[in-house]
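Per the numbering used here, the very first residue in the sequence shown carries number 11; after that it's consecutive. Cβ atoms here follow ideal geometry from the backbone N, Cα and C, with glycine treated the same way. For reference, the structure discussed in these notes is given below.
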Amino acid sequence: MKLAINGGEKVRTKLFPRYNTIDTNEIDAVTKVLKEGTLSKFLGAWCDDFYGGKKVQEFEKLWSEKFKVKHSISVNSNTSGLIAALGACGIGLGDEVIVSPYSMSISATAPLFYNATPVFCDLEKNSYGFDTKMLEKVITKDTKAIVVVHIFGCPSNLKEIMAIAKKHNLLVIEDAAQCPGAIYDGKLAGTIADIGVFSLNYHKHIHTGEGGMICTNNDILANKMQLIRNHAESIVDNKGESDLVNMLGFNFRLTEIQAAIGIEQLKKLDNELKIRQKYAELYNKALTKFTFIESTILDNRTHSYYVQSFRFDEKKAGVSRDTFLNAVKAELMPVEKRENEGVPISCGYVKPIYLLSIFQEKIAYNKQGFAFKDTITYQKGLCPNVEKLHYKELFSHDFTRSPLTLDDVNDVIKAYSKVAENIEKLKLTKDI
């Protein structure tokens, strides 16, 4: 069989349907808010409106009930949520925060907003969470917190991480932006550590266009995050706050329109997870038949599949990961209304964060770079597991979501299988 990359026929010639969870429920909810005319109720003053309008507060209440937490604090992004969370932890100049090298950049740069120093820890290759042996090694007397990222929708090894944090008296923040609804040891990811932060950005499982939610069972941390969300410096005097550390606030507030959308979106999470988990299992069974493809082993956790990731063994395959995936992509088509992005299969994820200029040059807010330390370096090779994953092994696809059908899924499986079963032809192409 001739591969499409070599001039053969494609497995699929029509676009895949785009992901869109917005329907008449959200439209009706937004219309009701617009007719009432109150698009936001927040005031940066100590009064009843300090906590926002009725839709914001309803959304937070429903989120708390859904995720079984005491406090849910809406914000305008996961980015804002991480900044507020670290501020509530009281970090500052000289402190160190252990962060992931493989995530959206804010997962690692959030400590810089308080002049604390990010310290990167390498990841293990199953859940792509912290390698706990390495985690112990990067803790110092200056370490104050750990930001755990549940990347791709897979919960990290929280049992071990929380035990290490307890041993060293450290606060733990879960960046659960990609992981709503996943379960670890019987508990929802994002609700296990001191603080959990979720994203409601437009390409997440559920969304409000832009937005986020912070969860905690700690009254003190909740209060501090609410203050940081809404102009803390203007509130603390009249509210009677005595601890002023990091009480320099922002406008991280969610609107009534966004909250109204979020209320409707929250109702759809469970069904979306069922679809993603069902399709992911089909891919796992089909792709791991080939000895050069490995998937995440889910022992004591479930996966929410923001995207589905795999590891590619170039030695067993006899071709590079990129050669193989370029051939698979040639068999498929892009997603409608996102055609310019190409087929949603990715080689690696993001460049290791410590290789970004902000860390290579050690410059953030000013030329002096005072949040950085001479004793902490960010050279290439710092996290060898991550670098090997990124440049050689890891790949992912965005083919588990609704409204994909079983026919769509089968086309994707056929594309992978066609290339895998004819991989010798890629070797010949490579030699030529």
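**OP:** Pull up the distance between the alpha-carbon of Val338 and that of Ser84, whole angstroms please.
**Re:** Between the alpha carbons of Val338 and Ser84 lies a distance of about 40 angstroms.
Original post:
So what does DSSP say about Lys147, is it helix, strand or coil?
Top reply: helix
**OP:** Please list, in chain order, all residues of the same chain as Val255 whose beta carbon is under 8 angstroms from its beta carbon, the five residues on each side excluded.
**Re:** Gly100, Gly102
Original post:
For the candidate residues Leu258, Ala374, Lys277, whose alpha-carbon lies nearest to that of Lys383?
Top reply: Selected option, being the one with the closest Cα: Ala374.
**OP:** Taking Leu198 and Lys78 to be in contact with their CB atoms under 8 angstroms, please state how far apart those CB atoms are, rounded to whole angstroms.
**Re:** In this structure Leu198 is in contact with Lys78, their Cβ atoms being roughly 7 angstroms apart against a cut-off of 8 angstroms.
Original post:
Where does the unbroken beta strand (DSSP E) through Ile32 begin, and where does it stop?
Top reply: That residue, Ile32, is in no beta strand (DSSP E); it is neither H nor E in DSSP.
Original post:
On the three-state DSSP scale, how would you describe Asp418?
Top reply: DSSP places Asp418 within a helical segment (H, G or I) once states are collapsed to three.
Original post:
With DSSP run on the structure shown, which of helix, strand or coil describes Val21?
Top reply: coil
**OP:** State whether the stretch 395 to 404 contacts the stretch 163 to 172, with contact taken as three or more CB pairs (one from each stretch) at a distance under 8 angstroms.
**Re:** no
**OP:** With DSSP as the reference, label Ile442 as helix, strand or coil.
**Re:** With a pLDDT of 37 at Ile442, under the threshold of 50, the modelled position of this residue cannot be trusted, and the question is left open.
Original post:
Measuring CA to CA, which of Asp38, Val317, Gln67 is closest to Phe52?
Top reply: Gln67
**OP:** Please go through the same chain and pick out, in chain order, the residues whose beta-carbon is closer than 7 angstroms to the beta-carbon of Arg331, but skip the five residues on each side of it.
**Re:** Phe322, Glu324, Cys357, Lys402, Glu403, Phe405
Original post:
Which one or two residues does DSSP pair with Glu134 in a beta bridge?
Top reply: Partner(s): none; Glu134 has no beta bridge.
Original post:
Do Leu414 and Tyr289 come within 8 angstroms of each other at the CB atom, strictly closer than that value?
Top reply: yes
**OP:** Check Asp408 in the structure and name its three-state DSSP category.
**Re:** The answer is coil: DSSP assigns Asp408 none of H, G, I, E or B.
**OP:** Using three-state DSSP, classify Met257 as helix, strand or coil.
**Re:** coil
Subject >> Environment of Leu44 [buried if 16+ CB atoms lie within 10 Å] >> reply: exposed
Subject >> Given 8 angstroms, three or more beta-carbon pairs between the stretch 299 to 307 and the stretch 240 to 251 >> reply: no
Original post:
What first and last residue would you give for the alpha helix (DSSP H) that runs through Ala270?
Top reply: 266 to 276
Original post:
My guess is that Gly191 and Leu279 are in contact by the Cβ rule of under 8 angstroms, so how many angstroms apart are they, rounded?
Top reply: The Cβ separation is near 5 angstroms, so the contact holds.
**OP:** List the whole-angstrom C-beta distance separating Phe69 from Ala327, where the pair is believed to meet the contact cut-off of C-beta under 8 angstroms.
**Re:** About 47 angstroms; that fails the 8 angstroms criterion.
Original post:
Roughly how many angstroms separate the alpha carbons of His400 and Thr312, rounded to a whole number?
Top reply: 24 angstroms
Original post:
At what residues does the beta strand (DSSP E) containing Ser90 begin and finish?
Top reply: That residue, Ser90, is in no beta strand (DSSP E); its alpha helix (DSSP H) goes 88 to 98.
Subject >> For Met172, the first and last residue of its enclosing alpha helix (DSSP H) >> reply: 168 to 178
Original post:
Hey, is the stretch 120 to 128 in contact with the stretch 89 to 96, meaning 3+ C-beta pairs nearer than 8 angstroms?
Top reply: The stretch 120 to 128 vs the stretch 89 to 96: in contact.
Original post:
When we look at the beta-carbon of Lys12 and count the other beta-carbons within 10 Å, is it buried (16 or more) or exposed?
Top reply: Lys12 should be labelled exposed.
Original post:
For the beta strand (DSSP E) that Lys154 lies in, which residues bound it at each end?
Top reply: It spans 153 to 159 - the beta strand (DSSP E) in which Lys154 sits, taken as one unbroken run.
Original post:
Taking just the CA atoms, how far does Gly352 sit from Asn336?
Top reply: 11 angstroms
**OP:** For Asn281, count neighbouring C-beta atoms within 10 Å of its own C-beta (all shown protein chains included) and say buried if the count is 16 or more, exposed if not.
**Re:** exposed
Original post:
What residue range is occupied by the uninterrupted beta strand (DSSP E) comprising Thr226?
Top reply: 222 to 226
Subject >> Reduced DSSP secondary structure (H/G/I, E/B, other) of Val40 >> reply: The DSSP-derived three-state label of Val40 is helix.
Original post:
Just reading off the beta strand (DSSP E) that Arg321 is part of, what are its end residues?
Top reply: Taken as a continuous stretch (DSSP letters only), the beta strand (DSSP E) holding Arg321 covers 318 to 322.
**OP:** Can you say whether Asn261 is buried or exposed, counting buried as having 16 or more other CB atoms within 10 angstroms of its CB?
**Re:** exposed
Original post:
Is there contact between the stretch 140 to 153 and the stretch 181 to 195, where contact requires at least three CB pairs shorter than 8 angstroms?
Top reply: no
Original post:
Leu180: which of Val148, Phe208, Ser82 sits nearest, CA to CA?
Top reply: Val148
**OP:** Would you kindly work out how many angstroms separate the C-alpha atoms of Ala55 and Ala340, rounded to a whole number?
**Re:** 57 angstroms
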